[in-house]
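Below: the structure, in structure tokens.
Number of protein chains: 2
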Amino acid sequence: MKLRNDRVLRALNRQPVDVTPVWMMRQAGRYLPEYRATRKRAGGFMDLCRNPQLACEVALQPLERYAFDAAILFSDILTIPDAMGQGLYFTPGEGPRFRKTIRSMADVEALPELDPASDLGYVMDAVALIRRELDGRVPLIGFSGSPWTLAVYMIEGSGSKDFRRAKQFIYNDPEAGHLLLRKLADAVTRYLNEQIRAGAQIVQVFDTWGGILSTSAWREFSLAYMRQIVQGLRKENEGRPVPCILFTKQGGLWLEEIAASGCQCAGLDWTIDIGQARSRIGSQVALQGNMDPAVLYASPEAIRKEVGAILRSFGPGPGHVFNLGHGITPEVDPDHVAVFVDAVHELSAKQRD
Amino acid sequence: MKLRNDRVLRALNRQPVDVTPVWMMRQAGRYLPEYRATRKRAGGFMDLCRNPQLACEVALQPLERYAFDAAILFSDILTIPDAMGQGLYFTPGEGPRFRKTIRSMADVEALPELDPASDLGYVMDAVALIRRELDGRVPLIGFSGSPWTLAVYMIEGSGSKDFRRAKQFIYNDPEAGHLLLRKLADAVTRYLNEQIRAGAQIVQVFDTWGGILSTSAWREFSLAYMRQIVQGLRKENEGRPVPCILFTKQGGLWLEEIAASGCQCAGLDWTIDIGQARSRIGSQVALQGNMDPAVLYASPEAIRKEVGAILRSFGPGPGHVFNLGHGITPEVDPDHVAVFVDAVHELSAKQRD
């Protein structure tokens, strides 16, 4: 099928584009009234994820309103541990929780091997359906949490302020930690390959909690397993390369190592200057990012100014997929998102004149 | 008065020392049962800060148990906005809050000028008393929050998940933001100079929330004002230089700019490798840090291993003050702190053999 807007794919392959492409982490989300309405119909958040029709509906909603250059699968980063029997659930305003936690080598050894095609069939159905409904408008991004990020939630049983249990686990029993991460890396690799088979044209690994580690612990317990995933991914599908984006939040110190992992693109949070990131690794991989999501709370003028500053900092030439530096937050005014998206296209077109 | 243990001062001046000196952010804190007992006698947390006798008592408690090479003033980073009339208070488990918030240029203009000697007399009394009771055992560190960190709490009125109000304020009304930060930088400079006059032999600026900003916003709204403070500080007291430590949490990307601020030492959080930090700026300033506080939850063996890894990463030669990468958390076993402190001294002595 012909892809009518391939800007994101071109930018990820560091090929020239007419304007800088843009999408937004959590673009199908609570800031949109139509999302909140669909979610209400679905029941809870996981009911929405598990319903391919409704998941498809919310994935397409932001494309109706805004000129986004990509769609992203609607799902959760924690589907894998849920499918392993850990019992994912959400409590209002509290973030994800698990009914079971991993606290010993025996817990790790008891984790079943995952068959994503059957165990996470609802995700594959959603991928296939969104892809069909997109009908070549823009490419579809699949995703998963990084092994370390999954491990953190599985050990803690929830989010955490200081992540003491997850850190205690890897410092006190590195062997059990590595077995857990190896199992998760295998599962994530198979899961993302199955998403690609079902129609995902790009995949992103969210290393949401990589940045809470020391450099050496991140290398040993997060990067090593993301590298393993990147190496195990299908490189091509439908005759097109399938780029992989690694996004380590608070990973600005480690960009050289991310770029050397074999991925095609490094996702940047908003704390790093994208021009400095480009001068460090922009000849090796594309860059995705990186406006502070909080700027969307500011005035339209301030949003346009910040978009312009980021485009200027990146400078001319290919290899930039514009995005926020983290997911959009629920209280943002939907009109401000239009200002953001249009500013990226308009100001980057001017930059090319 | 003769200082019997001047290791920290020597390390901050990048002079040789027999063993690597160590102290710990929040060393006088809730992990100590004797601290909890004194605090109970005082009433609330701010009652403890405002009582020089009790503040002195808790500041000295960790020195009775452990071989720390420095004492730190017992106080809060937010005393300045409190003295400006913002009404600081604490609710259990919630962190600091202010009764008033700053939301407009008019609010900023209404802030009074501070006379630290009288408005914060209780802090100066505590400094003088702790200094007298230390009687030359180890040097005393004074401190304040950075202007940006104070501004965040004053605008938000509390801690925050996404700091939207503080960011909205500086993006939408940079002029009001800069006036607020200028007023705070003036106040912090006078406050730290008054602490030095009262007996503080080292000062540290806690830029706790610098790391939530983009690089350009941090430069404009945080670093610029810390530089102003460093330039306005008394450089000497009692015939000795008074070193200044700048600690930007999540500031690893910005070390070169911190080192160029005029400070004598950069505080490091645990995410950066201290050897890499040293190769970037260790010829300009001393380095303080940087063990992940969560390692104190691990076994004594794991703690010693991590201390050893950090000492090896820093390598031989002067300029290292060992510390955690952030404050110690309340649930840590006090025995683990002894393991930590003794490991720093023992393993660094071996490294010198």
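Read top to bottom, the protein sequences are chains A and B.
Sequential numbering from 304 applies to the first sequence in the numbering used here.
Sequential numbering from 304 applies to the second sequence in the numbering used here.
Even glycine gets a Cβ: it sits at the ideal position worked out from N, Cα and C.
Note that this is a predicted model, so its numbers are computed, not measured.
query	result
Is there a Cβ of chain B sitting closer than 8 Å to that of residue 573 of chain A, yes or no?	yes
Go ahead and label residue 595 of chain A buried or exposed: buried means 16 or more other beta carbons lie within 10 angstroms of its beta carbon, across all protein chains shown.	buried
Would you mind giving the Cβ-Cβ distance between residue 312 of chain A and residue 439 of chain A, rounded to the nearest angstrom? I have them listed as a contact below 8 Å.	Not a contact, Cβ separation roughly 12 Å.
With a Cβ-Cβ cutoff of 8 Å, do residue 328 of chain B and residue 626 of chain B count as a contact?	yes
For residue 444 of chain A, list the residues DSSP reports as bridge partners.	A/375, A/505
Could you round the C-beta distance between residue 571 of chain A and residue 590 of chain A to whole angstroms and report it? I think they count as a contact, below 8 Å.	6 Å
From residue 637 of chain B to residue 621 of chain B, what distance separates their C-alpha atoms?	29 Å
How should residue 382 of chain B be labelled, buried or exposed, when 16 other C-beta atoms within 10 angstroms of its C-beta is the threshold for buried?	buried
When the Cα of residue 325 of chain B is compared with those of B/653, B/455, B/540, B/641, which residue comes out closest?	B/641
Contact criterion: CB-CB distance below 8 Å. Does residue 475 of chain A meet it with respect to chain B?	yes
From the DSSP output, which residues share a beta bridge with residue 551 of chain A?	A/510
Comparing the C-beta of residue 632 of chain B with each C-beta of chain A, is any distance below 8 Å?	yes
In the DSSP assignment, find the beta strand (DSSP E) that holds residue 569 of chain B and state where it starts and stops.	568 to 570
How would you call residue 332 of chain B, buried or exposed, if buried means at least 16 neighbouring beta carbons within 10 angstroms?	buried
Locate the beta strand (DSSP E) running through residue 730 of chain B, then write down its first and last residues.	Within the shown structure, residues of chain B are numbered from 304 to 656, placing residue 730 of chain B beyond reach of any answer.
Grouping DSSP H, G and I as helix and E and B as strand, with all else coil, what is residue 626 of chain B?	coil
For residue 553 of chain B, would you say it is in contact with chain A, using Cβ-to-Cβ distances shorter than 8 Å as the test?	yes
With DSSP collapsed to three states, give me the class of residue 416 of chain A.	coil
In angstroms, rounded to a whole number, what distance separates the CA positions of residue 405 of chain A and residue 532 of chain B?	48 Å
The alpha helix (DSSP H) that contains residue 594 of chain B, what's its start and end?	From DSSP, residue 594 of chain B is part of no alpha helix (DSSP H); its letter is neither H nor E.
Quick check on the burial criterion: 16 or more other C-beta atoms within 10 angstroms. Buried or exposed for residue 394 of chain B?	exposed
I'd like the list of long-range same chain contacts for residue 606 of chain A, defined as Cβ closer than 7 Å, with 5 residues on each side in sequence excluded.	598, 599, 639, 642, 643, 646
Just how far apart, CA to CA, sit residue 671 of chain B and residue 630 of chain A?	An answer regarding residue 671 of chain B cannot be provided, because it is not within the stretch 304 to 656 covered by chain B.
Could you name the residues of chain B that residue 471 of chain A contacts, counting a contact when the two beta carbons are closer than 8 Å?	597, 600, 601
Run down chain A in chain order and give the residues with a C-beta less than 8 Å from the C-beta of residue 612 of chain B.	519
Can you name the residues that DSSP bridges to residue 539 of chain A?	A/544
What are the start and end residues of the alpha helix (DSSP H) that includes residue 400 of chain B?	Note, residue 400 of chain B: premise wrong, no alpha helix (DSSP H); beta strand (DSSP E) at 398 to 401.
Rounded C-beta distance between residue 564 of chain A and residue 529 of chain A? I'm assuming under 8 Å.	6 Å
Output, in chain order, the set of chain A residues within a Cβ distance shorter than 7 Å of residue 576 of chain B.	518, 519
With 16 as the cutoff for other CB atoms within 10 Å, does residue 350 of chain B come out buried or exposed?	exposed
For a contact defined as C-beta to C-beta under 7 Å, what are the partners of residue 514 of chain B on chain A?	574
Can residue 334 of chain B and residue 635 of chain B be called in contact, C-beta distance under 8 Å?	yes
Report the CB separation of residue 553 of chain A from residue 553 of chain B in whole angstroms; it is logged as a contact under 8 Å.	6 Å
Less than 8 Å between the C-beta atoms of residue 482 of chain B and residue 450 of chain B, yes or no?	no
Check whether the segment 426 to 445 of chain A and the segment 502 to 513 of chain A touch, using three or more Cβ-Cβ pairs below 8 Å as the test.	yes
Quick one, which residues of the segment 450 to 468 of chain B are near chain A if we go by CB-CB under 7 Å, in chain order?	465, 466, 467
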